[in-house]
Ligand code: UDP
Ligand code: MG
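Numbering (my numbering), first residue to last: -6 to 302.
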């Protein structure tokens, strides 16, 4: 019997891209049965309509899930993976930034048997603002240093995985999902194929600089407790400094009879310490809020409609 490849595609306001994407991808010849799973992540344009059109216009095996609102790409990925039935599953963006031709190579490598996952890694960030690539690179360096997961610079969500790895990813049921971390956390052997960055074919990216920044912070909080220790380090350092200063001022007063006139120095110390304390509280707050959201155990997404309803 033929093996099945599930193609999981999250879409958020992608009415223009869906027909183009489907046309491209269905022309890729693979010795597998293909199964498509599109997730409409609460789009406000006619993404759902476009999905229904392609379902009605082809004999290929297509399913879709439409969310009741925008739950984010991470939730869409989870939904797609849990609906997938294939022996292999590939995650793809609909904007053709993940070149469909690569499926052929990915399939060849995964079929060899050594690897559970074949990922794609951009070696250039051509067409991306400089400051954005700079921050992205620094983020990867930082998170690899302060956590025990390893995220490859430039690795995308675009990857073909064996069933076994997909099932392990589905086992990770946390609410605040950071897929790049989860892919690395579950382990298994991953091979990265390199490719040149492609610009989005139509439409616009929904990621602003700010949302990427928040996403990175979330990744750090989810996979590292180093920021928590920073608070205690800062406490120790300011304690040591205060002891040294106390000795210094006592000697100066006793031996040299030179009491400090100190409005300025006092203000500096009060403001400095206050700042450190607020920062530490803020860091602590981030972790507490993540715990809070996890304990609510809300569903990751809510389905409004599928191709069966
Ligand atoms: N996406 C989604 N939900 C969102 C945002 C994006 O499902 O809330 C999808 C989007 O339709 C696309 C993919 O995730 O298929 C990647 O999005 P985008 O191209 O905006 O991100 P970038 O390529 O810039 O990282
Ligand atoms: Mg994109």
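For each residue, glycine too, the CB sits at the ideal point set by N, CA and C.
- CA-to-CA, the gap between residue 291 and residue 168 works out to about 8 Å.
- DSSP lists 186 as the bridge partner or partners of residue 113.
- Restricting attention to alpha helix (DSSP H) runs no shorter than 4 residues, the stretch 149 to 215 encloses them at 156 to 164 and 172 to 178, ordered along the chain.
- The closest CA to that of residue 188, considering only 104, 117 and 57, is found on 117.
- In this structure, residue 48 sits away from residue 287, with a CB-CB distance that is not shorter than 7 Å.
- When distances are taken from the beta-carbon of residue 270 to the heavy atoms of the ligand UDP, even the shortest one reaches 6 Å or more.
- When secondary structure is reduced to three states using DSSP, residue 293 falls in the coil class, being assigned neither helix nor strand.
- Checking the 6 Å criterion, the Cβ of residue 300 is out of range of every heavy atom belonging to the ligand UDP.
- Look at residue 60 here: in three-state DSSP terms it is strand.
- For the ligand MG, residues qualifying as neighbours are 86, 88, 90, 193 and 198, where qualification means a beta carbon closer than 6 Å to at least one of its heavy atoms (chain order).
- Put simply, the backbone Cα of residue 43 is about 33 Å away from that of residue 104.
- A distance below 6 Å between beta-carbons, with the five flanking residues on each side excluded, links residue 75 to the following residues of its chain, in chain order: 163.
- DSSP places residue 98 in the uninterrupted alpha helix (DSSP H) bounded by 95 to 105.
- With a threshold of 16 other beta carbon atoms within 10 Å, residue 68 meets it and is buried.
- Contact annotation, residue 85 with residue 151: C-beta distance approximately 6 Å; criterion of less than 8 Å satisfied.
- Secondary structure note for residue 29: it is in no alpha helix (DSSP H), and the uninterrupted beta strand (DSSP E) holding it is 26 to 33.
- DSSP lists 58 as the beta-bridge partner residues of residue 299.
- Secondary structure at residue 3: strand, using DSSP grouped into helix, strand and coil.
- Between the beta-carbon of residue -4 and that of residue 98 there is about 17 Å, and that puts the pair past the 8 Å contact cut.
- Out of 91, 257 and 224, the CA that lies nearest to the CA of residue 274 is found in 224.
- Contact between the stretch 173 to 192 and the stretch 140 to 158 is present, with at least three C-beta pairs closer than 8 Å.
- Counting only residues of its own chain and dropping the five nearest sequence neighbours on each side, residue 28 has a CB closer than 6 Å to the CB of -3, -1, 54 and 79.
- Relative to the ligand UDP, the beta carbon of residue 4 is positioned inside 6 Å of a heavy atom.
- A contact between stretches requires three or more CB pairs, one per stretch, nearer than 8 Å, and the stretch 276 to 285 fails this requirement with the stretch 32 to 46.
- Within a 10 Å sphere around the beta-carbon of residue 267 sit fewer than 16 other beta-carbons, which makes this residue exposed.
- Closer than 6 Å to some heavy atom of the ligand UDP: that describes the Cβ of residue 7.
- Relative to the ligand UDP, the beta carbon of residue 34 is positioned inside 6 Å of a heavy atom.
- In the structure shown, residue 144 adopts coil according to DSSP, grouped into three states.
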